[in-house]
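Peer 1: In this text, residue positions in the sequence shown follow our numbering: the first is 481, and each later residue adds one. Take a look at this one; I'll ask things after.
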Amino acid sequence: MAGRLQGKRVFVSAAGQGIGRAAAIMMAKEGADVLATDLHADKLRGLEGMEIAPLDVMDDAALKDALERGGPFDAMFNCAGFVHQNDALSCTDAEWEFGFGLNVRAMWKAMQAALPAMLERGRGSIVNMSSAASSIKGAPNRFLYGATKAAVIGMTRAAAADVVTKGVRVNCICPGTVETPSWEERVAANAAQAGGMAAARAAFVARQAMGRLAQPEEIAALVTYLCSEESAFVTGQAIVIDGGWTL
Numbered sequence: 481m482a483g484r485l486q487g488k489r490v491f492v493s494a495a496g497q498g499i500g501r502a503a504a505i506m507m508a509k510e511g512a513d514v515l516a517t518d519l520h521a522d523k524l525r526g527l528e529g530m531e532i533a534p535l536d537v538m539d540d541a542a543l544k545d546a547l548e549r550g551g552p553f554d555a556m557f558n559c560a561g562f563v564h565q566n567d568a569l570s571c572t573d574a575e576w577e578f579g580f581g582l583n584v585r586a587m588w589k590a591m592q593a594a595l596p597a598m599l600e601r602g603r604g605s606i607v608n609m610s611s612a613a614s615s616i617k618g619a620p621n622r623f624l625y626g627a628t629k630a631a632v633i634g635m636t637r638a639a640a641a642d643v644v645t646k647g648v649r650v651n652c653i654c655p656g657t658v659e660t661p662s663w664e665e666r667v668a669a670n671a672a673q674a675g676g677m678a679a680a681r682a683a684f685v686a687r688q689a690m691g692r693l694a695q696p697e698e699i700a701a702l703v704t705y706l707c708s709e710e711s712a713f714v715t716g717q718a719i720v721i722d723g724g725w726t727l
């Protein structure tokens, strides 16, 4: 039986770990011809049944080349990003520039490079990584991160409106807390203040209404749906998948 993405060419950034890796694996299993990229080439090891390539999405020329030479793409998942832990008082100029450069500008540049071929063929699906910690919900110590992810929602909706009659869809996903290597790094960073690793983990879990964290595969399932024809009537949406955090 053919998979939901059989015959589709799909681009994934930050595919080395976490949600990006889970999405690349799931979409490949659904029949997609996946180009899985990551800044760190070593993290792409073990990804089977797909094309892998190192890529710095903040390098405009390299990103444009990867998307133009590697395409045309039927779908793309812009997953690359970084979670700064700061507030309005502690956020630095360097953090601001890097946060918006990676979380927002690189995503815009990826869309800018992929959209022409999608529009020429009259089809395509773009999925951007946002967060429930954005314009949807304010989260402590997520000043810069929330600002960038709110920008992703606005950018996604505007891009969707521009191409809504041209066969191309643009959506973003807004996860709650997901158990990934990136999350483990934040736990470690908060451990001393929280009173140890166990306490830091418990604090993250406690804010989830379901009493648990999401698994990367649960988020990947939503990405796969949005890249498939099953979601053909879905565009311009910021879809929250947060285990009830925003209830």
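Backbone N, C-alpha and C fix where the C-beta goes; we use that ideal spot for every residue, glycine too.
What are the start and end residues of the alpha helix (DSSP H) that includes I633?
Peer 2: For the purposes of this step, residue 633 is taken as the residue at position 153 of the sequence shown. Taken as a continuous stretch (DSSP letters only), the alpha helix (DSSP H) holding I633 covers 623 to 643.
Peer 1: Report the residue from I505, A682, A639, L702 whose alpha carbon sits nearest the alpha carbon of V667.
Peer 2: Within the sequence shown, residue 667 is the residue found at index 187, counting from 1. Among I505, A682, A639, L702, the Cα nearest to that of V667 belongs to A682.
Peer 1: Could you check the C-alpha separation between L624 and I633 for me, to the nearest Å?
Peer 2: Taking the sequence shown and counting its residues from 1, the one referred to as residue 624 is at position 144. Taking the sequence shown and counting its residues from 1, the one referred to as residue 633 is at position 153. Each residue's alpha carbon lies about 15 Å from the other.
Peer 1: Taking the alpha helix (DSSP H) that G604 belongs to, which residues open and close that run?
Peer 2: Within the sequence shown, numbered from 1, the residue matching residue 604 stands at position 124. No alpha helix (DSSP H) contains G604, which is instead part of the beta strand (DSSP E) from 604 to 609.
Peer 1: Suppose contacts are defined by Cβ-Cβ distances below 8 Å. Is A694 in contact with V720 by that definition?
Peer 2: Here residue 694 refers to the residue found at position 214 when the sequence shown is read from its first residue. Here residue 720 refers to the residue found at position 240 when the sequence shown is read from its first residue. Cβ atoms of A694 and V720: not closer than 8 Å.
Peer 1: Measuring CA to CA, which of V490, P620, D539 is closest to S570?
Peer 2: Working through the sequence shown from its first residue, we reach residue 570 at position 90. Closest by alpha carbon: P620.
Peer 1: Just to confirm, is the Cβ distance from T660 to I499 under 8 Å?
Peer 2: Mapped onto the sequence shown, residue 660 falls at position 180. Mapped onto the sequence shown, residue 499 falls at position 19. For T660 and I499, yes; Cβs fall inside 8 Å.
Peer 1: Which class does R687 belong to by DSSP, given the choice of helix, strand or coil?
Peer 2: Within the sequence shown, numbered from 1, the residue matching residue 687 stands at position 207. The answer is coil: DSSP assigns R687 none of H, G, I, E or B.
Peer 1: If I'm right that C652 touches L485 with Cβ under 8 Å, what's the distance once you round it to whole angstroms?
Peer 2: In the sequence shown, residue 652 corresponds to position 172, counting from 1. In the sequence shown, residue 485 corresponds to position 5, counting from 1. The pair is not a contact, with the Cβ atoms about 19 Å apart (cut-off 8 Å).
Peer 1: Could you tell me which of F562, D518, G656 sits nearest to R687, measuring between CA atoms?
Peer 2: Taking the first residue of the sequence shown as 1, we reach residue 687 at position 207. Checked all of F562, D518, G656; the closest Cα to R687 is G656.
Peer 1: So is M530 buried or exposed if we call it buried at 16+ other beta carbons inside 10 Å?
Peer 2: As a working mapping, residue 530 is identified with position 50 in the sequence shown. Classification for M530: buried.
Peer 1: Which same chain residues end up closer than 8 Å to G511 when comparing Cβ atoms and leaving out the 5 residues on each side of it in sequence?
Peer 2: Along the sequence shown, one-based indexing puts residue 511 at 31. Excluding sequence neighbours, G511 sits near A482, G483, R484, L485, Q486, G487, K488.
Peer 1: Between the beta-carbon of A692 and the beta-carbon of G723, is there less than 8 Å?
Peer 2: As a first step, residue 692 must be located in the sequence shown, where it is residue number 212. As a first step, residue 723 must be located in the sequence shown, where it is residue number 243. What sits at residue 692 in the sequence shown is Arg, not Ala. Yes, the Cβ-Cβ distance between R692 and G723 is below 8 Å.
Peer 1: Look at the Cβ atom of V514, then the Cβ atom of V537, and state whether they are nearer than 8 Å.
Peer 2: Here residue 514 corresponds to residue number 34 of the sequence shown, with the count starting at 1. Here residue 537 corresponds to residue number 57 of the sequence shown, with the count starting at 1. Result no, Cβ atoms of V514 and V537 do not sit closer than 8 Å.
Peer 1: Looking only at its chain, what residues have a beta carbon closer than 6 Å to the beta carbon of K523, apart from the 5 residues adjacent to it on each side?
Peer 2: Numbered from its first residue, the sequence shown carries residue 523 at position 43. Closer than 6 Å at Cβ, skipping near neighbours: G496, Q497.
Peer 1: Of the choices A502, S605, L727, whose alpha-carbon is the least far from that of K617?
Peer 2: Here residue 617 refers to the residue found at position 137 of the sequence shown. Ranking A502, S605, L727 by Cα distance to K617 puts L727 first.
Peer 1: Can at least three beta-carbon pairs, one atom from the region 568 to 584 and one from the region 551 to 559, be found at a separation below 8 Å?
Peer 2: no
Peer 1: Can you check which of these residues, A712, T628, A679, A597, is closest to S615 by C-alpha distance?
Peer 2: Your numbering for residue 615 matches position 135 in the sequence shown. Out of A712, T628, A679, A597, T628 has the C-alpha closest to the C-alpha of S615.
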